[in-house]
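In the numbering used here, the protein residues as written are 43 to 367.
No residue lacks a Cβ here, since even glycine has one placed at the ideal position from N, Cα and C.
Note that the coordinates shown come from a computational prediction; the quantities given were computed from them, not determined experimentally.
What follows is a single structure, written as structure tokens, with notes after it.
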């Protein structure tokens with residue numbers, strides 16, 4: 043089967059954006075691809091994070107993977123840091139990526155603008171190289187990504203072509219897979235910005251109290267019109283709520299818009315709030331069940347062993363090609 047890989051950083055509470063853009067999509071991949079899903083704990087180190095929080099977030103994320111419907115018999119679920127080939131291939135591939143390429147990455151430019159130069163670590167600058175290593179170790183042809191990661195994947199594709207041109211057909215060129223709707227969930231308080239953990243009023247966390255979630259949706263910024271239509275430029279708030287509704291009901295945007303015609307903005311928000319709280323409430327129950335089951339650590343241990351077999355084979359192929367013993 044074609045291989046697919048994806049991962050999420052354990053840098054804080056998972057958001058509704060994480061769920062719609064990744065977790066909700068993951069289970070459907072299990073029947074289509076040989077699926078590798080990891081927790082990107084090494085990527086979490088690119089910005090300061092408390093060690094205790096990193097451990098807790100990592101375990102939480104693994105539990106949510108399982109709660110979202112991932113089957114460890116069908117998907118390889120593992121921690122990035124428990125497969126040392128990620129770090130070793132990263133050290134190798136850094137020599138085939140140029141400073142100019144990395145400095146043009148939009149995410150780096152956005153994050154570094156908010157930081158003092160002396161606080162910008164090499165890991166943040168070279169983040170796309172480790173991401174490329176994550177993908178290439180598993181000969182993944184399919185990589186589900188959000189719109190903000192497409193540029194990083196294009197860099198990975200350029201890297202593979204450069205490497206293969208020099209050493210032969212060694213690495214597999216991956217392809218981005220974007221979801222039809224919900225690939226970029228925006229803030230409820232400022233729909234011109236992506237939903238972020240740093241924006242408590244505009245963000246919905248998966249472990250959040252359901253009454254708090256409902257309140258945030260009912261208070262979501264919209265506009266002064268009365269029509270409900272999808273128009274990201276003129277109606278970003280309404281469009282964001284439509285994207286959330288379409289994603290959670292598995293409907294096309296056209297069907298979603300048609301289903302809310304005749305509603306007031308208040309009625310529309312109530313419908314969105316009902317759907318979100320029902321979905322998140324069910325997810326929270328399954329998450330608690332996974333926490334109590336004691337299976338999470340076992341799944342991660344077995345996943346790391348399976349991932350190592352594939353990753354180490356690729357690493358040895360690369361080392362042999364470039365002349366390392």
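Could you check where the alpha helix (DSSP H) with residue i kicks off and where it finishes?
i, result
"residue 199", "192–209"
"residue 295", "295–301"
"residue 328", "307–335"
"residue 145", "141–145"
"residue 156", "Counting along the chain, residue 156 falls outside any alpha helix (DSSP H), and DSSP gives it neither H nor E."
"residue 339", "338–364"
"residue 105", "93–109"
"residue 174", "169–178"
"residue 247", "It is not in any alpha helix (DSSP H) - residue 247 carries neither H nor E in the DSSP assignment."
"residue 278", "278–291"
"residue 131", "127–135"
"residue 69", "68–71"
For residue i, count neighbouring C-beta atoms within 10 Å of its own C-beta (all shown protein chains included) and say buried if the count is 16 or more, exposed if not.
i, result
"residue 46", "buried"
"residue 243", "exposed"
"residue 270", "buried"
"residue 181", "buried"
"residue 207", "exposed"
"residue 133", "exposed"
"residue 76", "buried"
"residue 276", "exposed"
"residue 95", "exposed"
"residue 186", "buried"
"residue 48", "buried"
"residue 90", "exposed"
"residue 52", "buried"
Of the residues the options, which one's Cα is nearest the Cα of residue i?
i, options, result
"residue 260", "89, 363, 80, 319", "319"
"residue 143", "288, 200, 101, 324", "200"
"residue 290", "231, 107, 60", "60"
"residue 44", "71, 66, 351, 267", "71"
"residue 119", "96, 139, 69, 153", "69"
"residue 150", "168, 99, 74", "168"
"residue 113", "140, 78, 99, 123", "78"
"residue 354", "54, 124, 309", "124"
"residue 121", "358, 365, 344", "344"
"residue 83", "328, 98, 183", "98"
"residue 57", "217, 220, 240, 186", "240"
"residue 213", "358, 166, 366, 309", "358"
"residue 360", "287, 135, 171", "135"
"residue 54", "103, 138, 184", "103"
"residue 328", "92, 248, 138", "248"
"residue 85", "321, 163, 137", "163"
"residue 220", "195, 101, 272", "195"
"residue 256", "230, 348, 137, 218", "230"
"residue 81", "356, 366, 349, 363", "349"
Can you list, in chain order, the residues of its chain whose CB lies under 7 Å from that of residue i, leaving out five sequence neighbours each side?
i, result
"residue 233", "263, 278, 279, 282"
"residue 274", "281"
"residue 265", "277, 279, 280"
"residue 272", "281, 284, 295, 299"
Identify the continuous beta strand (DSSP E) that holds residue i and give its terminal residues.
i, result
"residue 77", "76–81"
"residue 185", "184–186"
"residue 47", "45–50"
"residue 119", "117–121"
"residue 218", "217–219"
Is any heavy atom of the ligand NAP found at a distance shorter than 7 Å from the C-beta of residue i?
i, result
"residue 183", "Looking for the ligand NAP in the displayed structure turns up nothing, as the structure carries no ligands at all."
Given residue i, which residues of its chain have a CB within under 6 Å of its CB, disregarding the five upstream and five downstream residues?
i, result
"residue 252", "319, 323"
"residue 116", "72"
"residue 65", "110"
By Cβ distance below 8 Å, which residues in the same chain neighbour residue i in space, the five residues on each side in sequence not counted?
i, result
"residue 148", "190, 193"
(request) Take every Cβ of the stretch 124–133, pair it with every Cβ of the stretch 174–184, and state whether three or more of those distances are shorter than 8 Å. (result) yes
(message) When you compare the stretch 97–107 with the stretch 329–338, are there three or more beta-carbon pairs, one atom per stretch, that lie closer than 8 Å?
(response) yes
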